[in-house]
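Q: The opening residue of the sequence shown carries number 1 in the UniProt record's numbering; numbering runs sequentially from there.
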Amino acid sequence: MTKPDILCIGSVLWDVIGRAPAVMRLGSDVPGRITRLPGGVALNIAMTLRRFGLSVGLLSAVGKDAEGAELVAACARMGLITDHLYLSEDLPTDRYMAIEGANGLISAIADAHSLEAAGEKILRPLADGSLGSPEAPFAGAMALDGNLTEALLAGIAASPLFARADLRVAPASPGKAERLLPLLRHSRATLYVNLEEAGLLAKESFADAPTAAAGLLARGAARVLVTDGGRESAEGRAGAGVIAARPREVLVTRVTGAGDTFMAAHVVADLAGLPREAALARALEVAADYVSGEIGS
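1) Considering only the beta carbon of each residue, do V267 and R168 sit closer than 7 Å?
2) Report the rounded CA-to-CA distance for D260 versus I6, giving the unit in angstroms.
3) DSSP has G53 in a bridge; who is on the other side?
4) Figure out for me which residue from G146, D145, S28 and R124 has the closest Cα to the Cα of P137.
5) What number of angstroms, rounded off, separates the C-alpha of residue 298 from the C-alpha of V72?
6) Run the CB neighbour count on A76, radius 10 Å, all protein chains shown included, and call it buried at 16 or more, exposed below.
7) Relative to the C-alpha of L105, which candidate in G155, T256 and G273 has its C-alpha closest?
8) Which of the three DSSP states, helix, strand or coil, is assigned to G236?
9) Could you check the C-alpha separation between I128 and R36 for me, to the nearest Å?
10) Which of helix, strand or coil does DSSP assign to V224?
11) Counting only the same chain and skipping the five closest in sequence on each side, list residues whose C-beta sits under 6 Å from that of A103.
12) Within the same chain, show all residues whose beta-carbon is closer than 7 Å to that of A265, passing over the 5 residues directly before and after it, in chain order.
13) Taking 6 Å as the limit between beta carbons, can you name the residues of its chain near L54, skipping five residues before and five after?
14) Among the candidates P134, M263 and I243, whose CA atom is the shortest distance from the CA of A165?
15) Nearest-angstrom Cα distance between L85 and A221?
16) Is the CB-CB distance between R95 and L152 below 7 Å?
17) Residues bridged to R77 by DSSP?
18) Using three-state DSSP, classify R282 as helix, strand or coil.
19) Can you pull the DSSP bridge partners for N194?
20) Kindly indicate the opening and closing residues of the beta strand (DSSP E) around G259.
So, in structure tokens, the structure goes:
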């Protein structure tokens, strides 16, 4: 069995996305396109990592239903390692639904209840010797997403199974940002958040990404990356300060998955040893390509 370069832990589900070329508001009823694609924060990150040549393992919960079988098969076709997924007899495969207009994301609902219900069962391969054990924990990068419950994330923060991991953490959505609080001061964690999520974590409103990055460092974070759409993004490290860069202007054709793509591209650049300025610039470039539709979903 192939040992992955990186593990992606969290939501693996179906994205149902409705996109319209019109500016939309509450109550809009317009023509557009509806697509169903493999998605979820962990899977979006995994797909981008795989495109850059990394071997990627998935830890998540998928139902033993027709949608689940189809999803696992789609992941395998993309070259992702699905051997360690928790396949549930009684939980359905999770789903995410979003509406996007010319003015960006209008609304979204994430149904990740099966992942939440499965809880620590998805982590069994890290303890049973498949990927690691308490005596010999997995040593490498792990991407975690905020669709995991706060209790599970708190357990991860203290668990010996993660003692040697390079943790890369994303909240999944502003509504789940506060779930990351147990990992805010973790010495091996890098947090990837947008400006709103940074404010929720810090319980303070920030004017821009560099200020938000500095604010999270002041609250004990070891390393953070803060994005703000088309405005400046920032990377901050404890003891090394904050750097910032602005993404290039592009025509926005999609937004769902952009933050996950940014995170994955930064992880790849970082693991390749690029200097922090180059890694941030590379991540912004890949995210801009994604938002403009220049790279595939």
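Just so you know, even glycine gets a beta-carbon here, dropped at the ideal spot from N, CA and C.
A: So, to answer that:
1) yes
2) 15 Å
3) Looking at the DSSP assignment, G53 forms no beta bridge with any residue, so it has no partner.
4) R124
5) Only positions 1 to 297 of the chain appear in the structure, and residue 298 is not among them; the question remains open.
6) exposed
7) T256
8) strand
9) It is Asp, not Ile, that sits at residue 128 in the sequence shown. Cα-Cα distance, rounded: 34 Å.
10) strand
11) According to the sequence provided, residue 103 is Asn. The question's Ala does not apply to it. Cβ neighbours of N103 beyond the five flanking positions: V23.
12) T48, R282, A283, V286 and A287
13) D5 and I6
14) P134
15) 30 Å
16) no
17) Paired residue(s): none; R77 is not in a bridge.
18) helix
19) T227
20) Run containing G259: none in the beta strand (DSSP E); it sits in the alpha helix (DSSP H), A258 to L271.
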